[in-house]
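Student: Taken in order, these protein sequences are the chains called Y and X. Taking my numbering, I'd label the letters of the first sequence as residues 1 to 625. Taking my numbering, I'd label the letters of the second sequence as residues 626 to 1250. Even for Gly, the Cβ is constructed at its ideal location relative to N, Cα and C. Everything numeric in this text was worked out from a predicted model, so none of it was measured.
There are 2 protein chains.
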Amino acid sequence: MTQTLEPDTGAAPVEQSASSRPATDGTDAQARADAWLADFNAALDARDVDAVTGLFGTESFWRDLVALTWNITTAEGRDGIGDLLAATLDQAAPQAFEFTEPVTETDGVIEGWVAFETEVGRGKGHLRLKADDDGQLRGWTLLTTLREFKGHEEGLGERRPQGVEHQLAPGRKSWLERKQEEEATLGREQQPYVVVIGGGQGGIALGARLRQLGVPHVVLDKHDRPGDQWRGRYKSLCLHDPVWYDHLPYLQFPANWPVFAPKDKIGDWLEMYTRVMEVPYWSKSTVRSATYDESSQTWRVVVDRDGEQIVLEPKHLVFATGMSGKPNLPDFPGMDVFSGEQQHSSQHPGPEAYEGKKVVVIGSNNSAHDICGALWEHGADVTMVQRSSTHIVKSATLMDIGLGDLYSERALAGGVTTEKADMIFASLPYRIMHEFQIPLYERMKERDKDFYDRLEAVGFQHDWGDDGSGLFMKYLRRGSGYYIDVGAADLVCDGKVKLAHGQVDHLTESSVILDDGTELPADLVVYATGYGSMNGWVADIIDQATADKVGKVWGLGSDTTKDPGPWEGEQRNMWKPTQQEALWFHGGNLHQSRHYSLYLALQLKARYEGIPTPVYRLQEVHHTS
Amino acid sequence: MTQTLEPDTGAAPVEQSASSRPATDGTDAQARADAWLADFNAALDARDVDAVTGLFGTESFWRDLVALTWNITTAEGRDGIGDLLAATLDQAAPQAFEFTEPVTETDGVIEGWVAFETEVGRGKGHLRLKADDDGQLRGWTLLTTLREFKGHEEGLGERRPQGVEHQLAPGRKSWLERKQEEEATLGREQQPYVVVIGGGQGGIALGARLRQLGVPHVVLDKHDRPGDQWRGRYKSLCLHDPVWYDHLPYLQFPANWPVFAPKDKIGDWLEMYTRVMEVPYWSKSTVRSATYDESSQTWRVVVDRDGEQIVLEPKHLVFATGMSGKPNLPDFPGMDVFSGEQQHSSQHPGPEAYEGKKVVVIGSNNSAHDICGALWEHGADVTMVQRSSTHIVKSATLMDIGLGDLYSERALAGGVTTEKADMIFASLPYRIMHEFQIPLYERMKERDKDFYDRLEAVGFQHDWGDDGSGLFMKYLRRGSGYYIDVGAADLVCDGKVKLAHGQVDHLTESSVILDDGTELPADLVVYATGYGSMNGWVADIIDQATADKVGKVWGLGSDTTKDPGPWEGEQRNMWKPTQQEALWFHGGNLHQSRHYSLYLALQLKARYEGIPTPVYRLQEVHHTS
């Protein structure tokens, strides 16, 4: 197991190593995994790229989150892994991989949790080994993630601050005095190193990470107080993701927290979290413009803070404005002559004012269903206009089959903490993730057959994604096209919410006319027509040239509906360097805000501390929106 | 191990049981403990009091927290245990004790964690077995605590609320609407079942428990917002207890929380905790009076809520006004002629205004040291008047030796969670607790010998408690008489804070005169003279007769300084029924507020649900203050 590789033999050393025994022989999984890892460490230490790639299978993936590549990237196959290593091995010096707990073996796949070091930091990861085509045990998936920098470890647990100084001294300042001084000087005498635009869960989570890492920053948000991003939405809104999936960094929801938190309750949590995590947060602050000075490598960010204009000069600028942040408002003929109310779904104030009114909701995804349901509850006459097919999954089914193995009380009881779940999820390469998803959705289809039959009977156009891989792949690929059913689909099935089909042809003074001539009288039209790419915010705040330079945000390049190729391998532009120096995007759902905020924060910390960060394979731009 | 007791044999059945083998034979600890527990269960099932007591040692204790006795009480010795069981066994029906994890054996003492049931609930406990005088393995200490009622389990983990209803319906109310409706009707259309006076950590923790248990209540507090109890104190104040000891129920401090939280930070935490735990909390609310109507068994509580008079009519009234809540202001001759400022330590606004001023601080315990230190830091000329000896322990030493095994990162790493630490602490009977404490303080004395030598050299009168048992026993017995040193003692040793000794004889217009004639010129006199018994609040709010009826609050009856006998066995009047029906006291440090709030909340819940609560051995009153 500690066999030393002989770099001068010429032959692929893996062939002689202890891990090269057929996967099916009697050796137990731990011994075989140990042998593989010893060979792996030896090959890394020898800087022998061929030896490392020889340890991986024909189909293999090395996903790296900032540990080697200063990027979020997945190398595919031996060639891809070889390319990654050739570029990063000398500088990153990944080493000392070890299993942190016993490996497990299921259906011929050995899985193990690993820890390792690099030149500058410590990492954690996850490894899957399985028999390759030739029967040899080889690496199938490897996830490497950076967790901390040597010498800049976070003040957690044993490293937590003392809070009190045990030596008195004249002029000693209290915690409150230091806090007040920071608040008074931030953005004036003291410039933040990072400005985060947007103080929803994404900005707040990143702010908490940066505070922990000691990176001076400020989070800007236009609302009156943290959490208003949620409070301002329609009143029946609850999170569609369950509590185990939604934790923020450092501070988990308590055990009495609802499975699906109501919007005002999550708003309260975000507000208190911002306070107790000491996130520097400016409410009532709107960014008017931002420009980058290449020579000084500094942004100039003009902020309206509650009426006062303040110019911030950070080194880095993060857009945390919401991956579903910029509304897509359609441009239908007659919108100017329609005499009733028109709203994008993001502007919908809730159903209270619309009792007895005729409402037409354009769209059939999450927002459309939620809004239709609430309007019906309040006595409105509601018609949903389905323009294209939608994927619907019942919430309870999705929780059980789709998430239950990773994010549930059941998972927790089985030792799968939220941190482990995040890592397991991250360990699945996007290239093959749909293969893991398809069987889950086939089970869902089977379980809720009656429900889908009822939907079909009423003419609802339903799909399971281009390749049957369901909701989460739709979310990752396009961020739209689905509804997690919490009851509104039943209203459609029962005819309580009326269903119409087709495209909007035009609006008249009092109705919506579809392309088949159908006339839908309306007092209110709600455009549940989705959101544009986040680089639209860049166009607004910086300029169109920069928006085009960084290109489309979100999506994998899967060549499926609304996610054009070529294959990107990772989320476009999210949490990683972009084509615009010192410009970053952060966000996603609560899971992503929690998990990826770490890697973004570490990238910013490295730059703040002057740690070299050579980016491997900076993404190319294939689409501008 | 499953041997059935034969009640008709006459002989003490324990003699024939499997657990009666000598403790030193080769049987492993688990098997011997299992055998003891099987005998114990059998004796309980048979309602055979003698058989149960026969399983306990000559020195033995059964501490019950509400599980059998509807009281907080410790039965001592076989007779005590027999008395407890004779009174409670039929009704409580304790049964099905089982070990929840493997037992451990250290120095001949076998320790085990147990779960059990009663007629109405489920409990957890802790058991210590050791060889009795005759060599037989017998019970030494048993702790039984009620955790929940069957049919009224808390909504935690798998039982957490859904948050969203998966069926839409007209008129359905949102979380916010229900919350607003509750706030609008509480104390008006809807009477709380419980009124808690005082919204510091004690009232808030109890409020969170009662919310979880579904007991309608309101917490009243005079300050502007939760946490102001801490914010309003002197600016250098930090908690003297470490973070692992300070968690509130349900929601632990995050891993980045300081070891000793600054007062404003803990204030922020309490404020956010109150919000996210949805504690019904009235700020700016002062209780003017409370009277109990025996016939209707209802309190009439007159509240000034921000200027509005509101009468509440709860069934139960809880004083959570602080066990150190009611200031002791001395009555020295000349206080009326002194022309400078005079303050009780609780009123001291902090040192800022006293630069260059002469300050005399009467007292030498925690508050005195903290205030002297901060005044010195701000350039005041400070003299501490020591009137009686004080016990001082260096904070780091206390944390390491005194608390480290239960409340520390080290303890956590060893599997001692806060909940377990609370239970271990609760499992030590007060009667013998000092025996466990004395050796710890002997180690502290040894470790910090230089420090104590310096204190002695400067003439500071130092003690280790009447029996050398140190700080925590002083806290439990009298709640005073010590300082946890965070630096101010060094100032005394160095002469930076001057030290005077003796009693105050009188004050002149400009100085404090001690009984030896020493004159201490003063611009400010701070009376760090401690606090009175909590029933002083009862006298103020209800009447003196009721204050005398319930008697002194706090203390064990240890017959040591400021804790007169007779022996009570438990904290007087805390968290348990008092001689005044429907009147309760809650509080203590953060540890006690956390742990004992559960038992008080369960007692209130039982009464709310109509579960019979026959109180075993309602405490007698031996002292009125």
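So, are the CB atoms of X:A711 and X:T725 less than 9 Å apart?
Tutor: For the purposes of this step, residue 711 of chain X is identified with residue 86 of the second sequence, where counting begins at 1. For the purposes of this step, residue 725 of chain X is identified with residue 100 of the second sequence, where counting begins at 1. Not closer than 9 Å, so no.
Student: Cβ of Y:K420 less than 9 Å from any chain X Cβ?
Tutor: Along the first sequence, one-based indexing puts residue 420 of chain Y at 420. Judged by the 9 Å Cβ criterion, Y:K420 is not in contact with chain X.
Student: Whole angstroms is fine: what's the gap from X:L768's alpha carbon to Y:H240's?
Tutor: Stepping through the second sequence from its first residue, residue 768 of chain X is reached at position 143. Stepping through the first sequence from its first residue, residue 240 of chain Y is reached at position 240. Using only the alpha carbons, I get a separation of about 43 Å.
Student: Of the residues that make up the stretch 766-791 of chain X, which ones have a beta carbon closer than 8 Å to any beta carbon in chain Y?
Tutor: The stretch 766-791 of chain X vs chain Y, Cβ under 8 Å: E779, G780, L781, G782, E783, R785, P786, Q787, G788, V789, E790 and H791.
Student: Taking the alpha-carbon of X:K982 as reference, which of X:H969, X:G965 and X:H973 has the nearest alpha-carbon?
Tutor: Within the second sequence, residue 982 of chain X is the residue found at index 357, counting from 1. Among X:H969, X:G965 and X:H973, the Cα nearest to that of X:K982 belongs to X:G965.
Student: State yes or no: is the beta carbon of X:K1230 nearer than 9 Å to at least one beta carbon in chain Y?
Tutor: The residue labelled residue 1230 of chain X in the question sits at position 605 within the second sequence. No, X:K1230 lies away from the interface with chain Y (no Cβ there is under 9 Å from its Cβ).
Student: Residues in its own chain within less than 7 Å of Y:S469 by CB, not counting five upstream and five downstream?
Tutor: If you number the first sequence from 1, residue 469 of chain Y lands on position 469. Same-chain partners within the cutoff: H434, Q437, I438 and Y441.
Student: For a contact defined as C-beta to C-beta under 8 Å, what are the partners of X:F885 on chain Y?
Tutor: As a working mapping, residue 885 of chain X is identified with position 260 in the second sequence. Residues of chain Y passing the Cβ test: Q162, G163 and V164.
Student: Shortest alpha-carbon distance to Y:P566 belongs to which of Y:R431, Y:S558 and Y:N573?
Tutor: For the purposes of this step, residue 566 of chain Y is identified with residue 566 of the first sequence, where counting begins at 1. It is Y:S558 whose Cα lies nearest to the Cα of Y:P566.
Student: Taking 8 Å as the limit between beta carbons, can you name the residues of its chain near X:K804, skipping five residues before and five after?
Tutor: Position 179 of the second sequence holds residue 804 of chain X. E903.
Student: Does any residue of chain X bring its CB to less than 9 Å from the CB of Y:R275?
Tutor: One-based indexing of the first sequence puts residue 275 of chain Y at position 275. So, interface residue.
Student: Decide if the stretch 397-414 of chain Y is in contact with the stretch 368-383 of chain Y; the criterion is three or more beta carbon pairs, one per stretch, under 8 Å apart.
Tutor: No contact exists between the stretch 397-414 of chain Y and the stretch 368-383 of chain Y.
Student: Could one say the Cβ of Y:L602 lies closer than 9 Å to chain X's Cβ atoms, at least one of them?
Tutor: The residue given as residue 602 of chain Y occupies position 602 in the first sequence. Taking Cβ atoms only, chain X never reaches closer than 9 Å to Y:L602, which makes this a no.
Student: Take X:K1121 and list the residues in its own chain whose beta-carbon comes closer than 7 Å to its own, dropping the five residues that flank it on each side.
Tutor: Here residue 1121 of chain X refers to the residue found at position 496 when the second sequence is read from its first residue. Hits under 7 Å: W1001.
Student: Report back the beta-carbon spacing between Y:D45 and Y:Q91 to the nearest angstrom; my notes put them in contact at under 8 Å.
Tutor: For the purposes of this step, residue 45 of chain Y is taken as residue 45 along the first sequence, with counting starting at 1. For the purposes of this step, residue 91 of chain Y is taken as residue 91 along the first sequence, with counting starting at 1. Not confirmed; about 15 Å, so no contact.
Student: By how many angstroms is the C-alpha of Y:G459 removed from the C-alpha of Y:P280?
Tutor: For the purposes of this step, residue 280 of chain Y is taken as residue 280 along the first sequence, with counting starting at 1. For the purposes of this step, residue 459 of chain Y is taken as residue 459 along the first sequence, with counting starting at 1. Roughly 51 Å separates the two Cα atoms.
Student: Can you tell me whether X:R1035 is helix, strand or coil according to DSSP?
Tutor: On the second sequence, residue 1035 of chain X is found 410 positions in, with the first residue counted as 1. Helix, per DSSP.
Student: Would you mind stating whether Y:G227 and Y:E271 have Cβ atoms separated by less than 9 Å?
Tutor: Here residue 227 of chain Y refers to the residue found at position 227 of the first sequence. Here residue 271 of chain Y refers to the residue found at position 271 of the first sequence. Yes, the pair counts as a contact, with Cβ atoms nearer than the cut-off.
Student: Count the other CB atoms, across all protein chains shown, that sit within 10 Å of the CB of X:S914; report buried if there are 16 or more and exposed otherwise.
Tutor: Locating residue 914 of chain X in the second sequence gives position 289, counting from the first residue. Exposed.
Student: Within 9 Å (strictly less), CB to CB, does X:L876 reach chain Y?
Tutor: As a working note, residue 876 of chain X is residue 251 in the second sequence. Taking Cβ atoms only, chain Y reaches closer than 9 Å to X:L876, which makes this a yes.
Student: Let me confirm a value: Y:E189 is counted as buried when at least 16 other C-beta atoms fall within 10 Å, else exposed. Which label applies?
Tutor: Translated into positions along the first sequence, residue 189 of chain Y becomes position 189. So Y:E189 counts as exposed.
Student: For Y:G26, count the other beta carbons within 10 Å of its own beta carbon; 16 or more makes it buried, fewer makes it exposed. Which is it?
Tutor: Looking up residue 26 of chain Y in the first sequence gives position 26. Low per-residue confidence applies at Y:G26: pLDDT is 43, beneath 50, and the placement is therefore not dependable, though the value from the model is reported in the following sentence. Its Cβ having fewer than 16 others within 10 Å, Y:G26 is exposed.
Student: Report yes if the CB atom of Y:D224 is closer than 9 Å to the CB atom of Y:K263, and no otherwise.
Tutor: On the first sequence, position 224 is the one that residue 224 of chain Y refers to. On the first sequence, position 263 is the one that residue 263 of chain Y refers to. No, these two residues do not count as a Cβ contact at 9 Å.
Student: Does chain A have any CB closer than 9 Å to the CB of Y:L176?
Tutor: Absent from the structure is chain A; the protein chains it does hold are Y and X.
Student: So the candidates are Y:Q162, Y:L127, Y:P170 and Y:R47; which of them puts its Cα closest to the Cα of X:G1004?
Tutor: Locating residue 1004 of chain X in the second sequence gives position 379, counting from the first residue. The residue with the shortest Cα to Cα distance from X:G1004 is Y:P170.
Student: Can you pull the chain X residues whose beta carbon is under 9 Å from the beta carbon of Y:W376, in chain order?
Tutor: Your numbering for residue 376 of chain Y matches position 376 in the first sequence. L793 and P795, listed in chain order.
Student: Is the Cβ of X:P879 closer than 9 Å to any Cβ of chain Y?
Tutor: Against the second sequence, residue 879 of chain X aligns to sequence position 254. So yes, X:P879 belongs to the interface.
Student: Look at the Cβ atom of Y:W282, then the Cβ atom of Y:V218, and state whether they are nearer than 9 Å.
Tutor: Within the first sequence, the letter at position 282 stands for residue 282 of chain Y. Within the first sequence, the letter at position 218 stands for residue 218 of chain Y. Cβ distance < 9 Å, so Y:W282 and Y:V218 count as in contact.
Student: May I ask which residues mark the beginning and end of the beta strand (DSSP E) holding X:T911?
Tutor: Counting from one through the second sequence, the residue named residue 911 of chain X turns up at place 286. Looking at the DSSP string, the run of the beta strand (DSSP E) that includes X:T911 is S910 to D918.
Student: Could you confirm whether any beta carbon from chain X is found closer than 9 Å to the beta carbon of Y:Y467?
Tutor: Start at 1 with the first residue of the first sequence, and residue 467 of chain Y comes out as number 467. It should be noted that the sequence gives Asp, not Tyr, for residue 467 of chain Y. Output row for Y:D467: interface = no.
Student: So, at 6 Å on beta carbons, what are the nonlocal neighbours of X:Q826 in its own chain, with the 5 sequence-adjacent residues on each side left out?
Tutor: Here residue 826 of chain X is taken as the residue at index 201 of the second sequence, counted from 1. Result list for X:Q826: L1215 and S1218, in chain order.
Student: So, Y:T69 versus Y:V615, is the Cβ gap smaller than 9 Å?
Tutor: Taking the first residue of the first sequence as position 1, residue 69 of chain Y is located at position 69. Taking the first residue of the first sequence as position 1, residue 615 of chain Y is located at position 615. Yes, these two residues count as a Cβ contact at 9 Å.
Student: Compare the C-alpha of X:G1053 against each of X:D659, X:G679 and X:F686 and name the closest.
Tutor: Translated into the one-based positions of the second sequence, residue 1053 of chain X becomes position 428. The residue you asked about is not Gly; residue 1053 of chain X is Leu in the sequence shown. Answer by Cα proximity: X:F686.
Student: Is X:G746 near X:R772, with beta carbons less than 9 Å apart?
Tutor: For the purposes of this step, residue 746 of chain X is identified with residue 121 of the second sequence, where counting begins at 1. For the purposes of this step, residue 772 of chain X is identified with residue 147 of the second sequence, where counting begins at 1. Yes, they are a contact pair.
Student: Measuring straight from C-alpha to C-alpha, what distance separates X:D995 and X:V927?
Tutor: Residue mapping note: residue 995 of chain X aligns to position 370 of the second sequence, counting from 1. Residue mapping note: residue 927 of chain X aligns to position 302 of the second sequence, counting from 1. X:D995 and X:V927: Cα-Cα distance of roughly 36 Å.
Student: Which two residues bound the contiguous beta strand (DSSP E) that contains Y:Y483?
Tutor: Residue numbering aside, residue 483 of chain Y sits at position 483 when the first sequence is read from its first letter. Y482 to D485 is the extent of the beta strand (DSSP E) around Y:Y483.
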